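Read the structure below first, then the notes.
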Amino acid sequence: MKQTIYTILLLVSLLPLHPAAQQLFEIPADADTRWISFENPTGAKGGGAIENKGAKGHASEWIEPGDSKVLMDYEGAGIINRIWMTFIERSPASLRSIRIEMYWDHAAKPAVSAPLGDFFGIGLGRKTAFQSALFSDPEGKSFNCYIPMPFRKHAKIVFINESKSRQLLFYDINFTALKVPDKNGAYFHAYWSNNAHTRLGEDFIVLPVVTGRGRFLGANIGITTDKIYRSTWFGEGEVKIYLDGDQAHPSLAGTGTEDYIGSAWNLGAFAHLYQGAPVVDKEKGQFAFYRYHIPDPVFFSTSCKVAIQQMGGGGRDSIRAIIKAGGKARPVSVMTSKGLIQLMETPGYPDIFNDRFPKDEWVNFYRIDQCTATAYFYLDKPENDLPSLPPPEERLKGL
């Protein structure tokens, strides 16, 4: 009974993610609109545009390398509705080095600690104009986030400049101040990961096991392919979502990388509400894509883990050439005219050099490319037990 009640409350608390959840003409009785920026750093009523007699007195600030700036430090209850910012030096190294952190209800550990560029919807440090249900960048020069972020007692957001560049920062945070806390609202979290420590045949962990009750919102993933794989396809990897104690096998399993983001048969550039691939650069071997589980929610009661196989595909002869050249490749299946041959369950696995495969047929194979991801989720507590964000030198590897 308690589980059923909790599920209903969680569903209700996440309704703002659906555009039709609140009618435009509805005016809440216990809510006040607040904006926080350098022009009104506390969001106080009547506290905006005070400097320079109201004539654009404090729109921005310089943030030196190694310095940080608290963007929001609000005591009380509320829901953040939108975050916007821009800054002057937006190179890939800066976007990966600058860190954004978010703390809820005086927690000691941040619920969000991620490279700023990756957090705002696209990895690889490549700013591209796009729009999704959760993020947008109208012209490739700004950062917008529309994820509702409820808090009951306190909210703190910090901009940390770990880049080597002096940054001129503009921002505003738009939120609804509540007189009565929403005690059923889940807390927003985000986690950044890379595959620096995975080996051939291991899945890339997008979200390590997180414990508690919540909802997996989705992720954006960035891939830079290893040149040794030449023009072979990187995206045969299936997404796996382990729910509520799943161990060896997940409850949710996809069918391929481009399939997971709603496309098919290779990948072109597109940006839709809940799925997209804003960066598809086959010449440089760079791909950035996202999937947000808003119309198809992924709830969990005790735990959640998300992974994607590091797997690609190509013609038999191409895979043979990669292996002969010393590339990290391990065939797992061959698609023949008679169907799929599962090499992992075949005696003598995985020899594609013998005469058993006389044609240049499609081979799915484990591989290792440069992978990064930002996972977004709600949790029933303001802190999570996930690893800390690695230092800039590790985040910048392979960028």
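Residue numbers (the numbering used here): 486 to 884. Cβ coordinates follow ideal geometry from the N, Cα and C atoms, glycine included. These numbers come from a predicted model, not from an experiment.
Near residue i, what residues of its chain come up, given a Cβ to Cβ distance below 7 angstroms and the 5 sequence neighbours on each side ignored?
{"i": "Ser-886", "result": "Residue 886 lies beyond the residue range present for the chain, which begins at 486 and ends at 884; the question has no answer from this structure."}
{"i": "Lys-668", "result": "Arg-637"}
{"i": "Gln-616", "result": "Ala-756"}
{"i": "Leu-494", "result": "With a pLDDT of 43 at Leu-494, under the threshold of 50, the modelled position of that residue is not reliable, and no figure is offered here."}
{"i": "Pro-595", "result": "Glu-586, Met-587 and Tyr-588"}
{"i": "Tyr-491", "result": "Residue placement at Tyr-491 is poorly supported in this model, since its pLDDT is 42, which falls under 50; the coordinates still yield a value, given next. Excluding sequence neighbours, Tyr-491 sits near Arg-698."}
{"i": "Thr-821", "result": "Glu-846"}
{"i": "Ile-826", "result": "Ser-818 and Val-819"}
{"i": "Val-555", "result": "Lys-641 and Val-643"}
Nearest to residue i by alpha carbon, out of the options?
{"i": "Arg-698", "options": "Asp-515, Ile-565 and Asp-865", "result": "Asp-865"}
{"i": "Ala-934", "options": "Ile-564, Ser-522 and Gly-531", "result": "Here the chain comprises residues numbered 486 to 884, so residue 934 is not present and cannot be evaluated."}
{"i": "Glu-723", "options": "Gln-795, Trp-677 and Ala-529", "result": "Gln-795"}
{"i": "Phe-689", "options": "Lys-725, Ile-535 and Lys-612", "result": "Lys-725"}
{"i": "Ala-860", "options": "Asp-870, Val-848, Tyr-775 and Asp-854", "result": "Tyr-775"}
{"i": "Lys-767", "options": "Gly-739, Gly-542, Gly-800 and Phe-719", "result": "Phe-719"}
{"i": "Leu-752", "options": "Cys-630, Asn-646, Glu-721 and Gly-800", "result": "Glu-721"}
{"i": "Tyr-672", "options": "Leu-509, Ile-632 and Lys-769", "result": "Ile-632"}
{"i": "Asn-849", "options": "Thr-683, Ser-803, Gly-542 and Tyr-863", "result": "Ser-803"}
{"i": "Ala-592", "options": "Pro-872, Pro-867, Leu-881 and Pro-623", "result": "Pro-867"}
How many Å lie between residue i and residue j at the Cα?
{"i": "Glu-878", "j": "Lys-844", "result": "45 angstroms"}
{"i": "Gly-602", "j": "Val-764", "result": "14 angstroms"}
{"i": "Ala-435", "j": "Gly-561", "result": "Given a span of 486 to 884 for the chain in the structure shown, any question on residue 435 remains unanswerable."}
{"i": "Thr-717", "j": "Gly-625", "result": "29 angstroms"}
{"i": "Arg-519", "j": "Thr-661", "result": "6 angstroms"}
{"i": "Glu-687", "j": "Gly-812", "result": "16 angstroms"}
{"i": "Ile-568", "j": "Gly-741", "result": "33 angstroms"}
{"i": "Ser-553", "j": "Ala-754", "result": "35 angstroms"}
{"i": "Asp-558", "j": "Tyr-656", "result": "14 angstroms"}
{"i": "Leu-496", "j": "Asp-870", "result": "Because the pLDDT at Leu-496 is just 43, under 50, the model does not fix this residue reliably, and the point stays unresolved."}
{"i": "Asp-590", "j": "Leu-737", "result": "33 angstroms"}
{"i": "Ala-810", "j": "Lys-712", "result": "12 angstroms"}
{"i": "Val-665", "j": "Leu-884", "result": "45 angstroms"}
{"i": "Ser-650", "j": "Leu-828", "result": "50 angstroms"}
{"i": "Leu-685", "j": "Arg-575", "result": "33 angstroms"}
{"i": "Pro-816", "j": "Asp-731", "result": "27 angstroms"}
{"i": "Gln-652", "j": "Ala-540", "result": "23 angstroms"}
{"i": "Gln-771", "j": "Cys-630", "result": "23 angstroms"}
{"i": "Gly-781", "j": "Gly-798", "result": "Residue identity differs from the one stated: residue 781 is Asp in this sequence, not Gly. Answer to the nearest angstrom: the Cα atoms are 28 angstroms apart."}
Assuming residue i contacts residue j under a Cβ cut-off of 8 angstroms, what Cβ separation, rounded to an integer in Å, is found between them?
{"i": "Arg-805", "j": "Tyr-714", "result": "Their Cβ separation, rounded to whole angstroms, is 13 angstroms, which puts Arg-805 and Tyr-714 out of contact at 8 angstroms."}
{"i": "Asn-680", "j": "Cys-856", "result": "4 angstroms"}
{"i": "Ile-564", "j": "Leu-702", "result": "Going by Cβ atoms, the distance from Ile-564 to Leu-702 rounds to 16 angstroms, so no, they are not a contact pair."}
{"i": "Phe-620", "j": "Ala-675", "result": "Phe-620 to Ala-675, Cβ: 12 angstroms. No contact."}
{"i": "Ile-779", "j": "Ala-618", "result": "6 angstroms"}
Can you list, in chain order, the residues of its chain with a C-beta nearer than 8 angstroms to that of residue i? Leave out the 5 residues immediately preceding and following it.
{"i": "Ser-748", "result": "Phe-755, Gln-760 and Ala-762"}
{"i": "Trp-750", "result": "Glu-743"}
{"i": "Met-486", "result": "Low local confidence applies: a pLDDT of 47 at Met-486 is under 50, so the model's placement there is unreliable, and no value is given."}
{"i": "Glu-546", "result": "Phe-523, Lys-554, Leu-653 and Leu-654"}
Looking only at its chain, what residues have a beta carbon closer than 6 angstroms to the beta carbon of residue i, apart from the 5 residues adjacent to it on each side?
{"i": "Asn-659", "result": "Trp-520, Asn-566 and Arg-567"}
{"i": "Gly-707", "result": "Gly-608, Leu-609, Ala-773 and Thr-857"}
{"i": "Gly-800", "result": "Asp-845"}
{"i": "Thr-710", "result": "Phe-719, Gly-770 and Asp-854"}
{"i": "Pro-635", "result": "Ile-564, Asp-667 and Gly-670"}
_Tell me whether the stretch 780 to 798 and the stretch 687 to 698 touch, counting them as touching only if at least three CB pairs, one residue from each stretch, are closer than 8 angstroms._
At 8 angstroms Cβ cutoff, the stretches touch.
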